[in-house]
Every structure is written in C-alpha cells, then in structure tokens.
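Okay, structure first, notes after.
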Amino acid sequence: MSSNYTLHNLDCTEFLATLGDNEIDVVVTDPPYGINENNKKVLSRSNLAVAIDYGDFAWDKKRIDTALIREIQRVSKEQVIWGGNFYTDCLPPSSSWAVWDKVNGANDFADCELAWTSHKKAVRKFTYMWNGMIKQKPEKRFHPTQKPLDLMVWVLETYTKPNDLILDPFMGSGTTGVACLMTGRRFIGCEIEPNYFKIAQDRIELESRRPSLFEVEVEQLPLVEQVEYYVGTNTA
Ligand SMILES: C[S@@+](CC[C@H](N)C(=O)[O-])C[C@H]1O[C@@H](n2cnc3c(N)ncnc32)[C@H](O)[C@@H]1O
1345 MSSNYTLHNL DCTEFLATLG DNEIDVVVTD PPYGINENNK KVLSRSNLAV AIDYGDFAWD
1405 KKRIDTALIR EIQRVSKEQV IWGGNFYTDC LPPSSSWAVW DKVNGANDFA DCELAWTSHK
1465 KAVRKFTYMW NGMIKQKPEK RFHPTQKPLD LMVWVLETYT KPNDLILDPF MGSGTTGVAC
1525 LMTGRRFIGC EIEPNYFKIA QDRIELESRR PSLFEVEVEQ LPLVEQVEYY VGTNTA
C-alpha cells in the first residue's frame, strides 16, 4: 500500500479471492445480519425523535454465505465480527465476545450488540450511549447501521496492535477505516454500494488529512494551542 489505506468499491468476494492466507492481521467488520432490518421497522421504533429515512436496506435481506466467512478466516490471522450472534452456526465457540452496551433505557431497541472475536481473551464490554437520535457524543449519521467511532477505536485498541493491517470487507460508511487512521493502523476497505462507498471515501480521506496531535511537535504550536492541548489532555 502506498498510503496507509486502500478502498475498493466492489463485492468483497472478488477482493478476498485475490488475497493469500493470513495476509491480513485482523479483519474487523460488521456484515449484513440477514434480519431484514428495514426502514419501516426503524422508523416505527423511533418514538423519541424524528428518525432519518434511509430508504430500503436491500443489503440486509440475507446473511452472507458461510463460504465468505471461511474466506475471511483464511485471509486473516484474527477476526472481530459484529453481529456474530447471527452466525454462531458457522463460527467456532469463543471466550472472547465483545459487548457494546448502548445504554438504551426502556424501548424496543436492543440493549447491547455483540461481536464474535477469534482472540483468546475474556469477554470485554464497552459502554457508550447510542439510542436512536440520542448519542453520548454528537456524531453525524451517514448509514442506517453505522457504528460509533468511539466504539471502533475501542475495538482496535483492544483487539489489534499499532501498524497492524486491518481489513473491513463490509465497510458501509467507513467507520472502521476512520478509526484505523486515528489509531495508527493500516486499512483496506470494501463496499459494494456506490453511495456508501463515496461516503466512506470522503470520511477516510478527510481523516487522513487531519494532522495527528501526536505527530506535531508541541513546541511548534502557538502558545494558545499549547495551553488548549494541555487542558484537553488533563481533563480527558
Ligand atoms: C452493516 S453495514 C456496515 C456499516 C458500518 N459498520 C458503518 O459504520 O457504516 C454492511 C455493509 O456491507 C455492504 N455489503 C453487503 N454485501 C457486500 C459485499 N458482498 N461486498 C461488499 N460490501 C457489501 C452493505 O452495502 C452495507 O453498507
């Protein structure tokens, strides 16, 4: 890879076939769950605020094939698969599920989401409020099943190492890619749907142009920015 990321607008099946065994350090992904999540269901659940109309989610009508899960396992050393609870018939038992507690309160949305991981760790939990339009931090919504950026940063820091090569074959709006650039991981992403691909491309490119605070010599910053930097660090 010439830069630290590469993006492909295609069916990931084609791309996976080009990879050798274990070429990727970790696949971190959020494939379709096949639960036929559709816009009518989402709109009817959102009684706290006006929900965004994303149109029909044709891609969530069926699960990905078992053969595609096998390909993901072939090309990578480790895997983190959101919605793994919908694929337990084709994934081995794991001691290392990741749990995202969405702090939902009482409504029809799920309290938690689960990721199956191939790691040999204990179950780990990340708590981050994401309840329809109510979120722990403001974050622009580009995709109907978008994951929070903070969640994906936590996943990368918990299950991958700096400079690892990460693949997300179902990148949607590119949240995994943005989190990779924020945490110093190399990224390859695939997305079949051109509109989501363009969104992912724009988000990841924008993040790639953002100077990392860790790369800037603190002495080079004007005095006011230095003060803000230290205040931000102390209160984080
Ligand atoms: C659950 S969404 C991922 C959302 C993502 N986590 C985010 O934060 O935006 C799954 C995505 O996989 C894409 N997809 C479905 N089948 C695909 C395939 N065979 N190859 C590549 N992308 C695919 C869909 O278009 C959809 O955007």
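Each number in the numbering used here corresponds to the 1-based position in the sequence shown with 1344 added. Just so you know, even glycine gets a beta-carbon here, dropped at the ideal spot from N, CA and C.
For F1531, the residue or residues it bridges with in DSSP: Y1349, I1510
For L1363, three-class secondary structure by DSSP: coil
CA nearest to the CA of M1496, picked from W1444, E1422, A1544: W1444
Per-residue burial, A1361 [other beta carbons within 10 Å of its own, 16 or more giving buried]: exposed
Alpha-carbon spacing of T1357 relative to S1440, whole angstroms: 26 Å
Segments of 3+ residues assigned as beta strand (DSSP E) that fall wholly inside the segment 1411-1447: 1420-1426, 1442-1445
V1467, buried or exposed, once every other Cβ within 10 Å from all chains shown has been counted against 16: exposed
Pairwise C-alpha distance: T1504 and K1421: 11 Å
Coarse secondary structure for R1547, derived from DSSP in three states: helix
K1491 CB to nearest heavy atom of ligand 1 below 8 Å: For ligand 1, at least one heavy atom lies less than 8 Å from the Cβ of K1491.
CA nearest to the CA of K1446, picked from P1492, D1404, G1427, D1409: P1492
Euclidean distance between Cα positions of N1539 and Q1545: 10 Å
Rounded Cβ spacing between D1355 and I1548 (contact assumed at less than 8 Å): With 8 Å as the limit, D1355 and I1548 do not qualify as a contact, their Cβ atoms being about 20 Å apart.
Those residues which DSSP pairs with K1479 across a bridge: W1474
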